[in-house]
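In order, the protein sequence lines correspond to chains A, B and C. Residues in the first sequence are numbered from 0 upward in steps of one, following numbering that gives the first Met the number 0. Residues in the second sequence are numbered from 0 upward in steps of one, following numbering that gives the first Met the number 0. Residues in the third sequence are numbered from 0 upward in steps of one, following numbering that gives the first Met the number 0.
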Amino acid sequence: MAAELSIPGPGSAPASKRPPGDAPIFEVRGLVKHFPIGGSLRLRRSTGVIQAVDGVDFALHKGETLGLVGESGCGKSTVARTVMRLEEPSAGEALFHGKDIFRADAAELKLVRRRIQMIFQDPYASLNPRMRVGQIIAEPWVIHADMLPRSQWATRIGELLESVGLLPDHAQRYPHEFSGGQRQRIGIARALALNPEILVCDEPVSALDVSVQAQVVNLLEKIQSKFHIACLFIAHDLSVVRHMSHRIAVMYLGRIVEIGKVEHVYKTPRHPYTKALLSAQPRIDFTSKAVADRIRLQGEVPSPANPPSGCRFRTRCWKAQALCAEQSPPLRAAGPERQVACHFPVEAGDAVAQLAGSPR
Amino acid sequence: MPDAGAPLLEVNDLRVEFRSGREIVRAVNGATFSVRRGETAAVLGESGSGKSVTAAAIMRLLASPPAHITGGSIRFNGIDVLGTPMSEWRQRCGRELGMVFQDALASLNPVFSVGWQVAEPFRAHGILDTRAALERAEALLGRVGIPEPHARARDYPHQFSGGMRQRVMIAMAIALDPSLLIADEPTTALDVTVQAQIMDLLLDLQRERHMAMVLITHDLGVVAEVADHVAVMYGGRVVESGRVRDVLSRPAHPYTLALLESVPRADLDQQQLNPIVGSPPDMATLPVGCSFHPRCRRASEQCRASSPPGVEVAPGHHAECFHAQAVFDGR
Amino acid sequence: MSAPANNATSAATIAAAIADTRAIAAQAEMVTVRKGLPWWRLLARDPLALCAAVWLVLMLLCMLAGPEWLGKAATDINLRARNLPPGSTEKGWIMFLGSDALGRSMLARLVVASRNTLTVAFTAVVVAMLLGGVLGLIAGYIGRGVGNLIMRLSDVVQSFPSLLLAVVVLYMLEPRVANLIIVLAVTRIPSYLRVTRAQVLEIRERGFVDAARAMGGSSTHILWRHVVPIVAPTLLTILTVDFAIVMLAESGLSFLGIGIQPPEITWGLMVAQGRNYLTQAWWLAFFPGLAIMITTLSANLLSNWLRLVTDPVQRWRLEAPKTAVKTNA
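Structure representation (structure tokens):
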């Protein structure tokens with residue numbers, strides 16, 4: 000697997016290197032999304048922009064799950080929404096089987112949307128309360144009229160409901176008759192109605208009760224491997240992402256700071272932010288070791304309207320030096336299928352606890 | 000003053016109903032737990048488990064109607080909370096109890112400066128004049144980790160980030176040096192790195208002021224990291240309670256056990272999650288017998304017929320289950 | 000959150016606690032799902048809505064057949080039966096509601112007037128709703144530029160006194176029924192427009208709209224399938240309230256002589272004419288006024304009922320057994 004470790008030049012495939020022949024089915028390059036501040040057109044003041052996403056590259060392979068984690072405001076949901084063209088990107092390209100969907104016209108986009116589907120965070124808002132479950136699942140076929148003849152809808156709705164663990168009879172009911180977890184299943188069934196190749200999951204379990212999250216995670220996993228769907232899995236919960244993903248990309252203030260295979264990133268985080276994020280995760284672990292290597296970051300995420308110069312994490316980083324303020328570190332290869340955007344990556348055995356600077 | 004060993008807060012078999020028309024929702028059907036001075040007790044439960052209603056009942060914040068406390072008792076610092084006249088309780092409550100909520104933005108008044116709001120308790124209780132109160136407020140803001148408290152005291156809530164607002168809430172809650180702090184999901188709306196900061200702050204303040212803390216949460220990880228004791232709520236009842244280490248490392252109630260097995264962990268490489276089937280119960284139509292039986296792998300005839308008794312599986316470790324001993328023994 | 004006298008914050012606390020209880024109550028609602036009943040069975044179970052429906056059907060019949068049926072009785076002058084008070088039976092059932100200064104039957108006149116009244120009011124509010132609704136959809140969903148233009152136009156219409164507008168327009172144009180309807184409709188457009196736009200702005204941010212876009216749905220698809228079904232019941236409710244406003248506005252214009260021209264009659268005109276006789280013959284203004292009120296009330300009740308029936312989340316309130324929770328209307 001650790002075949003090549005070339006440093007990616009501008010425009011080249013940024014993500015992990017795979018054996019030849021396994022080209023990514025989806026590739027995002029240089030994605031930028033800036034939102035104007037004070038958007039009221041009446042005043043037309045250009046007071047600045049919020050740099051929600053500022054140069055993000057990643058690739059997605061067939062049947063693979065890429066986890067995208069980060070705290071609120073890091074731009075992970077904006078990545079999902081621009082990739083789905085729910086927001087228009089400011090710059091960059093998104094190649095789906097070699098075709099740039101950011102430049103697709105309405106007709107082309109409609110075809111692409113058949114093959115890339117999305118699962119939303121809020122299972123209450125994402126289902127129209129006035130439609131029956133059957134109508135909700137059949138909506139994609141109303142839009143793509145050539146997908147499935149109407150005579151087969153009922154059977155297919157039943158199959159889809161069964162594949163997400165509900166009953167065919169449920170098609171006659173309304174969303175409010177279901178619990179949050181069941182609604183999320185309906186949302187998944189709707190996304191599957193178009194037989195997509197890629198599923199973009201935007202925080203699919205964070206609105207659910209703890210005891211229900213595992214059901215939906217398992218279901219997504221089952222569906223993903225059964226239908227061999229590639230999955231972009233966005234979440235703030237590191238534990239859910241660890242469970243779901245093959246590879247993981249960590250975002251901070253609109254940029255990917257580290258990307259690599261899940262087991263590598265979780266065991267030996269190389270970016271200081273990844274390390275801090277992992278150590279901030281509350282653990283059910285009563286050994287004293289768990290407490291000893293804890294890092295507490297100072298302060299909060301800076302405003303994306305006015306990000307720090309150079310490395311965006313430097314204001315909270317315990318390893319920051321003068322270089323970090325001057326130069327923005329690019330994503331560089333840092334091991335097999337591993338890239339880190341840091342001038343001074345964490346080495347195994349670093350005595351971070353002392354360096355971390357206790358907030359007290 | 001009661002002796003140090005006696006619990007500061009004792010909730011005993013609390014029952015709360017919500018009535019609207021002819022419909023009755025039994026939100027809390029028997030919650031029992033206690034906290035000692037300087038300790039943290041976590042009330043762990045999912046949405047609808049009755050944990051927030053329990054907290055509101057302790058503070059006597061439930062509007063009646065629709066809420067009715069139909070049974071049980073709450074003793075705080077030796078007094079009977081539910082029997083105290085409301086006016087007297089208000090006085091006491093402000094001085095001796097602090098509360099922190101999940102939604103700090105909704106709990107702060109948008110039209111007053113933060114300093115003014117933190118100073119409010121001092122003025123309201125006639126402890127300090129306006130000027131001195133503001134100074135104390137600034138000191139408090141500094142204590143809870145707000146940089147440049149003197150300048151920031153003049154800012155309004157919307158000018159603060161989520162984590163900073165939560166710090167302001169904490170400053171207000173501890174202003175009068177309460178002996179008990181009730182924190183209802185204080186970090187649920189926050190990011191992990193900020194959550195860690197706030198939790199550290201709460202624990203620090205608790206140690207420094209020797210407060211008792213009741214932490215209402217759904218997060219097993221938070222419970223494991225900060226609490227001394229835990230009461231696990233399900234279907235409005237405390238189904239298991241004891242020291243956190245005992246309960247989470249060797250649970251005696253199938254719900255606690257299942258919860259532990261179903262939660263994805265960042266620190267472990269799990270192959271397959273073991274989810275709990277079904278959804279949390281509907282409080283208007285609770286199942287007969289043990290309310291967890293429809294989702295329980297061990298459910299037997301007995302569980303469907305009658306409510307399980309409390310079993311003390313180890314000293315101070317209680318579980319309400321017919322099979323508690325078997326679960327505890329890992330059978 | 001510790002000070003008891005800290006009103007603002009403790010209010011927030013209480014609000015939070017109440018929200019909590021509501022959430023619990025809302026959960027309770029979700030269990031009571033029964034098999035759906037047909038709409039007519041539901042109507043039969045709700046006496047108020049049923050009465051409203053019966054009255055509206057009656058009015059519809061009057062409107063369709065009234066002038067042909069009682070047209071002669073309404074214009075027959077009978078000087079021996081002038082200003083008969085209601086309840087008199089010696090002149091036959093037709094005089095049951097009394098008669099006017101020329102001895103014309105009140106009942107017949109009311110029935111005949113229903114056609115003009117309801118045609119004008121109904122057409123005006125429906126036209127206003129359709130135009131306001133469509134403009135609101137455009138303003139809320141399509142572009143900001145177009146939307147702002149529409150909103151400013153609506154501001155102009157709203158800030159201009161509607162009676163003045165009507166007077167000016169109707170003096171310039173002919174006071175014909177069609178013109179009257181147009182004037183009344185235009186002055187009512189802004190309320191529909193604003194409500195629609197506000198709702199669209201909210202709905203377009205909801206998850207299911209994103210979902211529809213993500214699966215490739217066009218704007219027309221989203222507006223038609225997701226936005227309109229949610230906006231429509233609200234507009235219908237405003238429509239029923241507007242119904243009364245428009246009827247009264249029409250009577251005012253008719254009173255000024257630029258609305259419906261006598262000998263054509265409307266309820267509004269009857270109220271206006273009867274005002275002079277309030278001391279001697281109160282029934283001249285009272286009955287047409289009552290007709291306006293009952294019709295408006297019925298329309299309002301029925302639209303509220305319709306709102307519940309068409310909302311899957313609320314429908315159970317009507318389907319629940321009689322003994323259970325009453326609709327908190």
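Don't be surprised by glycine CBs; every beta carbon is placed ideally from N, CA and C.
query: Could you give the first and the last residue of the continuous beta strand (DSSP E) run that contains Val220 (chain C)?; result: Going by the sequence as given, residue 220 (chain C) is His instead of Val. Element bounds for His220 (chain C): not the beta strand (DSSP E) but the alpha helix (DSSP H), Ser218 to Ile221.
query: Would you check if the distance between the CB atom of His316 (chain B) and the CB atom of Ala251 (chain B) is smaller than 9 Å?; result: yes
query: Against chain A, with Cβ distances strictly below 9 Å, would Met210 (chain B) count as a contact?; result: no
query: I believe Gln116 (chain B) touches Met171 (chain B) by the beta-carbon criterion, under 8 Å. Please report the beta-carbon distance rounded to the nearest angstrom.; result: 6 Å
query: Could you please give me the residues that DSSP links to Tyr276 (chain C) through a beta bridge?; result: Tyr276 (chain C) pairs with nothing; no bridge assigned.
query: Give, in chain order, every unbroken run of the beta strand (DSSP E) that is at least 3 residues long and sits entirely within the region 191 to 263 of chain B.; result: 211 to 216, 228 to 233 and 236 to 242
query: In chain order, what residues of the region 311 to 324 of chain B put their CB closer than 9 Å to some CB of chain A?; result: none
query: Let me know if Lys442 (chain A) comes out buried or exposed under the rule of 16 or more other beta-carbons within 10 Å of its beta-carbon.; result: Outside the displayed range of chain A (0 to 359) lies residue 442 (chain A), so it cannot be described from this structure.
query: As an exercise, report each continuous alpha helix (DSSP H) stretch of at least 4 residues that is fully enclosed by the region 243 to 318 of chain C, in chain order.; result: 266 to 273, 282 to 309 and 315 to 318
query: Taking the alpha carbon of Ala211 (chain C) as the point to measure from, which residue in A:Leu85, A:Ala22 and A:Leu147 has its own alpha carbon closest?; result: A:Leu85
query: Met214 (chain C) to Ile237 (chain C), Cα distance in whole Å?; result: 34 Å
query: Could you confirm whether any beta carbon from chain B is found closer than 9 Å to the beta carbon of Phe285 (chain A)?; result: yes
query: Distance cutoff 9 Å, beta carbons only. Does Ser39 (chain A) sit that close to anything in chain B?; result: Note that Ser39 (chain A) scores a pLDDT of 47, beneath 50, so its modelled location is shaky; the value from the coordinates is reported in the next line. Not one chain B Cβ lies under 9 Å of Ser39 (chain A).
query: For the pair the region 225 to 244 of chain A and the region 52 to 66 of chain A, tell me if three or more CB-CB distances fall below 8 Å.; result: yes
query: Which residues in the same chain have their Cβ closer than 7 Å to the Cβ of Thr309 (chain C), if we skip the five residues on either side of it in sequence?; result: Pro232
query: Is Tyr170 (chain C) buried or exposed, if buried means 16 or more other CB atoms sit within 10 Å of its CB?; result: exposed
query: Return the chain-ordered list of same chain residues with a C-beta closer than 6 Å to the C-beta of Ala51 (chain C), the five sequence neighbours on each side being excluded.; result: Ser297, Leu300 and Leu301
query: Determine the closest residue to Leu133 (chain B) out of B:Pro148, B:Gly144 and B:Val143, with distance taken between C-alpha atoms.; result: B:Pro148
query: Measuring straight from C-alpha to C-alpha, what distance separates Leu106 (chain C) and Ser153 (chain C)?; result: 41 Å
query: Exposed or buried, Pro109 (chain B), counting other C-beta atoms within 10 Å across all chains shown (16 or more means buried)?; result: exposed
query: Cα-Cα, which of C:Leu222, C:Gln157 and C:Ala177 is closest to Gly132 (chain C)?; result: C:Leu222
query: Using a C-beta cutoff of 9 Å, does Pro1 (chain B) count as contacting chain A?; result: In this prediction, Pro1 (chain B) scores a pLDDT of 44, lower than 50, which makes its location untrustworthy; no coordinate-derived value is stated.
query: Can you pull the chain A residues whose beta carbon is under 8 Å from the beta carbon of Val312 (chain C), in chain order?; result: Pro128, Tyr173 and His175
query: Taking Leu61 (chain B) as the reference, give the member of B:Ala40, B:Arg36 and B:Val15 with the closest Cα.; result: B:Val15
query: Do you know offhand how far Phe17 (chain B)'s Cα is from Ser278 (chain B)'s?; result: 21 Å
query: Does the region 161 to 177 of chain B touch the region 271 to 279 of chain A, meaning 3 or more C-beta pairs lie closer than 8 Å?; result: no
query: Tell me the residue span of the beta strand (DSSP E) that contains Gly277 (chain B).; result: Looking at the DSSP string, Gly277 (chain B) is not in any beta strand (DSSP E), and its letter there is neither H nor E.
query: Answer with yes or no whether the minimum CB distance from Arg295 (chain A) to chain B is below 9 Å.; result: yes
query: Just how far apart, CA to CA, sit Pro122 (chain A) and Ser158 (chain C)?; result: 42 Å
query: Can you tell me which of the three DSSP states Ile13 (chain C) falls into?; result: In this predicted model, Ile13 (chain C) has a pLDDT of only 43, less than 50, meaning its place in the structure is not dependable enough to derive any value.
query: Whose Cβ in chain A lies nearer than 7 Å to the Cβ of Ile23 (chain B)?; result: Within chain A, no residue comes near Ile23 (chain B); the closest Cβ sits about 21 Å away, beyond 7 Å.
query: Which class does Glu119 (chain B) belong to by DSSP, given the choice of helix, strand or coil?; result: helix
query: Considering only the alpha carbon of each residue, which of B:Ser306, B:Ala188 and B:Val80 lies closest to Gly234 (chain B)?; result: B:Ser306
query: What are the start and end residues of each continuous beta strand (DSSP E) run of 3 or more residues lying completely inside the region 175 to 218 of chain A, in chain order?; result: 197 to 201
query: Is the beta carbon of Val345 (chain A) closer than 9 Å to that of Lys318 (chain A)?; result: yes
query: Quick check on Arg238 (chain A): does DSSP put it in helix, strand or coil?; result: The sequence shown places Ser at residue 238 (chain A), rather than the Arg named in the question. Helix, per DSSP.
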